[in-house]
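Here the structure is laid out as C-alpha cells; the discussion comes afterwards.
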Amino acid sequence: MGNLRNKKDKKKNKIIDQQIEKEKNQQENKIQILVAGTGDSGKSTFVKQMKILYKGGFSKTEKKLYRDIIRENLKINMKRLIRASEELNLNLQKINLPLVDRFFEILQEKSDEIITEEMKDILVSLWKDPTLKETYNSRSLFQIPDSTNFYMDKVQQICKINYSPTKEDILGSRIPTTGVKEVILDVNEQKWVIIDVGGQRSERRKWIHQFDSINLMIFVIAMSEYDQKLFEEQNIYRMAETLKFFKKLVNDKLFKHADLIILLNKIDLFEEKIQKVDLNVCFEDYQGGLDKEAAIEFIKDKFTSTIQNKNRNIWTHFSCATNTEMIENIFEEIKKNVQQAL
Ligand SMILES: Nc1nc2c(ncn2[C@@H]2O[C@H](COP(=O)(O)OP(=O)(O)OP(=O)(O)O)[C@@H](O)[C@H]2O)c(=O)[nH]1
Ligand SMILES: [Mg+2]
C-alpha cells in the first residue's frame with residue numbers, strides 16, 4: 001500500500017517538475033533540441049556543423065585534440081583492416097608481410113609520438129596493397145569508419161609536424177560520444193540548446209529518461225547503414241536496431257509531444273550503395289530492388305508508420321552531415337519549421 005502511494009507521489013512530483021522546467025524555459029525563451037539516434041548516425045557531425053556555422057569553428061586546443069584523434073585512428077583502422085583481411089582469407093602481397101609484423105611490433109613500443117616516421121612509411125606502403133583496398137570494399141562485413149580511405153589517402157600530410165586538421169578532416173573524424181554535450185545558439189532572439197548524446201546502446205541507457213522538457217527532437221538516421229551490422233552486437237543489422245529505437249523513443253511519454261525532425265543522413269553513401277546492395281538484406285519485405293526512389297520511400301514509410309502521435313509537427317530532410325553548405329540550408333529550413341510551429 002505504502003509502496004503504491006510512494007510510486008504515485010513520485011509520478012506526481014515528476015509531472016510537476018516537468019511543468020516547472022517547461023515554464024522556466026519559456027520564461028528564458030529557451031528551446032531544447034535533442035539530437036537523437038543510434039551510434040555512428042551522424043549526430044555529433046551535425047552538431048559540429050552548428051559550431052562551424054554559428055560559433056566560429058574550433059579552438060586551437062580542439063584542433064590539437066582532433067589532430068591526435070585522427071592520427072590515432074590511422075593506426076587503429078589499419079589494424080582493423082589487417083585483421084579483417086586475415087578473417088576474410090585475403091592475403092596481402094608477400095613483400096608487405098614483414099611490414100605487417102613490424103606494424104604490430106611498433107604498436108607495442110612506447111613512444112612520445114602517436115605516429116613515428118617509420119610507422120608513417122609503413123602505413124603509406126600498406127595502404128597501397130590492393131588486398132587491403134579489397135578488404136576495405138567489403139567493410140560492411142566488419143567495423144571500420146566509412147571515412148577511413150579519406151584519411152589513409154593523406155597519411156603523409158596528416159603526419160607532417162605542423163599538420164593542423166582542416167574543417168573536412170574534423171567533420172570526417174569519428175569519436176563515439178559519451179555523456180551529454182550541449183551547444184547553445186542565439187536564434188531569432190531565442191536560446192536554442194542543442195543537445196548531443198551518445199547513440200550506442202550503453203550510452204542510450206544513460207540519457208533515455210534524463211530529459212523531460214524537449215521541444216524538438218532531431219532524429220538522425222544513417223540511410224547507408226542498412227547492410228552494416230551493429231558495433232554492439234554483430235548479428236543485428238544497424239537499421240533494424242535504429243527502427244526499433246526510433247519507435248521506442250518517439251512514442252515515449254517524455255517525447256511523444258515534442259515536434260520531430262527526421263534527418264535521413266549519409267545520403268551520399270546511400271546513393272552509392274543502393275546501386276549495388278539490395279535493401280532487402282535488412283528488410284525481407286522490401287521488393288524494390290536497386291531502385292533508389294523505391295528504397296527511400298520504403299525506409300521513410302518504415303519509420304514514419306511507427307509514429308503514434310500524428311498531431312505533432314513532423315518534418316523530414318535528406319542530409320549529408322559532412323557537407324557544411326547542405327547543413328546550413330537544412331538548418332535554415334529547421335528555423336522556418338520551428339517558427340511556423342510556435
Ligand atoms: N559520408 C558521410 N559521412 C558521415 C555523414 N554523417 C556523418 N558521417 C561520418 O560518420 C561518422 C560518425 O558520425 P558521428 O557524428 O560521430 O556519429 P554519432 O551519431 O555522433 O555517433 P555516436 O556518438 O556514437 O552516437 C563520422 O566519421 C562522420 O564523419 C554523412 O552524411 N556522410
Ligand atoms: Mg556522437
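Note that my numbering has the sequence shown beginning at 1, numbered continuously upward. The beta carbon of each residue, even a glycine, is placed where N, CA and C say it ideally should be. From a predicted model like this one, the values you see are computed outputs, not experimental measurements.
Note on Thr166: under 16 other CB atoms within 10 angstroms of its CB, so exposed under the neighbour-count rule.
Residues whose Cβ lies closer than 7 angstroms to any heavy atom of ligand 2, listed in chain order: Lys43, Ser44, Pro176, Thr177, Asp196, Gly198 and Gly199.
Among the bridge pairs identified by DSSP, Asp259 is matched with Leu216.
Remark: C-beta atoms of Asp146 and Ser224 approach each other more closely than 9 angstroms. In this structure, DSSP gives Tyr54 a helical state, which the three-state scheme calls helix.
In the structure shown, the three-state DSSP call for Gln49 is helix.
Residue pairing of Glu182 in beta bridges, as defined by DSSP: Ile195. Cβ-Cβ distances below 7 angstroms link Ile274 to Leu290, Lys292 and Ala295 in the same chain, with the five nearest sequence neighbours on each side left out; the list follows chain order. Under the 10 Å beta carbon count, Thr135 is surrounded by 16 or more other beta carbons and is classified as buried.
Per DSSP, Phe142 has no beta bridge partner at all. By the Cβ test, the segment 51-67 is in contact with the segment 322-335, since at least three Cβ pairs between them sit closer than 8 angstroms. In this structure, the straight-line span from the alpha carbon of Asp268 to that of Ile95 is close to 36 angstroms. Val220 counts as buried, since at least 16 other C-beta atoms from the protein chains shown sit within 10 angstroms of its C-beta.
Met217 and Asp17 have their C-alpha atoms spaced approximately 20 angstroms apart. Rounded to the nearest whole angstrom, the CA to CA distance from Val197 to Arg312 is 23 angstroms. Relative to ligand 1, the nearest heavy atom lies less than 8 angstroms away from the CB of Ser173. In the structure shown, Ala294 falls within a helical segment according to DSSP collapsed to helix, strand and coil. Distance between Glu72 and Glu109, taken at the CA atoms: about 14 angstroms. DSSP, reduced to helix, strand and coil, places Thr131 within a helical segment of the structure shown. Here the segment 182-199 makes contact with the segment 41-51; the two share three or more CB pairs at distances below 8 angstroms. Ala321 sits in coil when the DSSP states are folded into three classes, being neither helix nor strand. Ranked by Cα distance from His317, the first of Val155, Ile31, Ala240 and Thr304 is Thr304. In this chain, Gln156 is not harboured by any beta strand (DSSP E); it is covered by the alpha helix (DSSP H) spanning Val155 to Ile158.
Distances taken from the Cβ of Asn265 to the heavy atoms of ligand 1 include one shorter than 8 angstroms.
Taking 8 angstroms as the upper bound for CB-CB distance, Ile33 and Val193 are in contact here, some 7 angstroms apart.
A Cβ-Cβ separation of about 5 angstroms places Ile236 in contact with Leu230 under the 8 angstroms criterion. Contact between the segment 79-86 and the segment 248-257 is absent, with fewer than three C-beta pairs closer than 8 angstroms. Val100 sits in a helix when the DSSP states are folded into three classes. In the three-state reduction of the DSSP assignment, Lys273 falls in the helix class, which pools H, G and I. Bridge partners of Tyr237 according to DSSP: Lys229. At a cut-off of 8 angstroms, the beta-carbon of Val220 counts as near ligand 1: some heavy atom of the ligand is closer than that.
If you check the C-beta of Pro145 against ligand 1, you find a heavy atom less than 8 angstroms away. Judged by beta-carbon spacing, Gly37 lies beyond the 9 angstroms limit of Phe211, meaning their Cβ atoms are not closer than that value. The three-state secondary structure of Asn265, taken from DSSP, is strand.
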